[in-house]
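Worksheet: one structure, shown below.
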Amino acid sequence: MLAADMNSTEICVFLKLCEDKVHDPLKITTQSIDKYHEQPSARGDRNNFRGRSMLPKEMLETDGDLMTNEIPDHTVNGRPKKIQQKSVCVICEFVMKEIDDQIKDKHNDDEIKKIVHGVCKRMPKSVRGECDQFVDKYSDLVISLLAQELDPSEVCQELKLCDPTGIRAVKGLYH
Numbered sequence: 000m001l002a003a004d005m006n007s008t009e010i011c012v013f014l015k016l017c018e019d020k021v022h023d024p025l026k027i028t029t030q031s032i033d034k035y036h037e038q039p040s041a042r043g044d045r046n047n048f049r050g051r052s053m054l055p056k057e058m059l060e061t062d063g064d065l066m067t068n069e070i071p072d073h074t075v076n077g078r079p080k081k082i083q084q085k086s087v088c089v090i091c092e093f094v095m096k097e098i099d100d101q102i103k104d105k106h107n108d109d110e111i112k113k114i115v116h117g118v119c120k121r122m123p124k125s126v127r128g129e130c131d132q133f134v135d136k137y138s139d140l141v142i143s144l145l146a147q148e149l150d151p152s153e154v155c156q157e158l159k160l161c162d163p164t165g166i167r168a169v170k171g172l173y174h
């Protein structure tokens, strides 16, 4: 409080050890504030105190309610929504490309597991939820296939998530 440049009287009032002797020059009381909120007619027309409004119509306050920004929730019960069928192949290929770029020793199972379980942290936020779902569902199979030295570019086809031509995705992640 001393660091906030408060004098001894202000500190005493702040700690409620002394009575505040400063009078409000506007003489605003809590009763007048309560009356203002409980009786809308006491407010008058807030939007037209000069005879006409200076604000555009869409900005005029009409009901006194506060408008807030919506925070979209793209989850179901706190979990990311299910991946659409067409995106499963794309996510698989995206994950496999990242894994392929990171794997140095294809014979080291521990390295493969670490990379597979950490791959989504390197993904853009826009696909991280789908990546996490993919890894949750397919990590054991992916690790097994990579440990058998299957090329990462072929894993999605082996899991039957992508058509061999790469043109269309087959049955989705949650079917």
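Counting in numbering that gives the first Met the number 0, the sequence shown runs from 0 upward without gaps.
Here a beta-carbon is modelled for each residue, glycine too, at the ideal position from N, C-alpha and C.
Buried or exposed: residue i, going by 16 or more other Cβ atoms within 10 Å of its Cβ?
i	result
Phe13	exposed
Cys17	exposed
Which of helix, strand or coil does DSSP assign to residue i?
i	result
Gln132	helix
Glu153	helix
Asp108	helix
Lys103	coil
Tyr173	Residue placement at Tyr173 is flagged as unreliable, the pLDDT there being 44, under the threshold of 50; a coordinate-derived value is accordingly withheld.
Lys120	helix
Lys113	helix
Lys15	coil
Asp4	coil
Rounding to the nearest angstrom, what Cα-Cα distance links residue i and residue j in this structure?
i	j	result
Ser152	Lys124	23 Å
His116	Met95	12 Å
Ile111	Pro163	24 Å
Asp109	Cys155	21 Å
Val141	Ile114	11 Å
*the stretch 145-152 touching the stretch 117-131, judged by at least three CB pairs closer than 8 Å*: Short answer: they don't touch.
*Evaluate contact between the stretch 152-160 and the stretch 103-116, counting only Cβ atoms and requiring at least three cross-stretch pairs below 8 Å.*
The stretch 152-160, when compared against the stretch 103-116, does not touch it at the 8 Å Cβ threshold.
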